[in-house]
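Going by this note's numbering, the letters in the sequence shown line up with residues 2 to 88, in that order.
Cβ atoms here follow ideal geometry from the backbone N, Cα and C, with glycine treated the same way.
Fair warning: this is a prediction, and the values are worked out from it, not measured in the lab.
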Amino acid sequence: MLETLLPETLSRGMNIYYRGYVIHEDIKSVYYTIYGMRPDRQELDRAGTSRQAMERIDRLIAKQGAPSLVVWPNLFAKTPLSDMASH
């Protein structure tokens with residue numbers, strides 16, 4: 002099940018920003034939710050520890066490949082590079 006949620010709207014817990022993904026701490030050291038890259042940040046997976054979540058993200062990046070540099074400006078809101086590209 003894929004849900005589109007912004008981790009900023011989630012209650013409690015810490016957000017770990019890792020390689021463009023968000024790892025949300027639901028229950029410390031027990032339950033973490035992994036969200037995808039911007040702009041949608043869909044729920045991708047769950048893990049038992051933050052380290053397991055990071056390893057899953059690393060495997061996902063290795064499988065899919067890192068986003069190209071052309072995509073990066075679209076991943077971040079209001080960066081200097083995205084402002085230059087829009088003119």
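Who does residue i pair with in a DSSP beta bridge?
i	result
ASP46	ILE35
ILE24	ILE17 and ILE35
Among the candidates the options, whose CA atom is the shortest distance from the CA of residue i?
i	options	result
ILE24	ALA54, LEU61, ARG13 and ARG60	ALA54
GLY66	MET15, GLY21, ARG52 and GLY14	GLY21
What does the alpha-carbon distance come out to for the pair residue i and residue j?
i	j	result
ARG47	TYR33	6 Å
ILE17	THR50	12 Å
SER129	GLU56	No answer is possible for residue 129: it lies beyond the span of the chain, which begins at 2 and ends at 88.
TYR19	MET38	10 Å
What are the boundary residues of the alpha helix (DSSP H) that includes residue i?
i	result
TYR64	The residue asked about is misnamed: residue 64 is Lys in this sequence, not Tyr. Looking at the DSSP string, the run of the alpha helix (DSSP H) that includes LYS64 is 51–65.
Throw me the rounded Cβ distance for the residue i and residue j pair, which I believe falls under 8 Å.
i	j	result
TYR36	GLU44	6 Å
Could you tell me whether any non-hydrogen atom of the ligand NAP is closer than 7 Å to the CB of residue i?
i	result
LYS64	Among the ligands in the structure shown, none appear at all, so the ligand NAP cannot be discussed.
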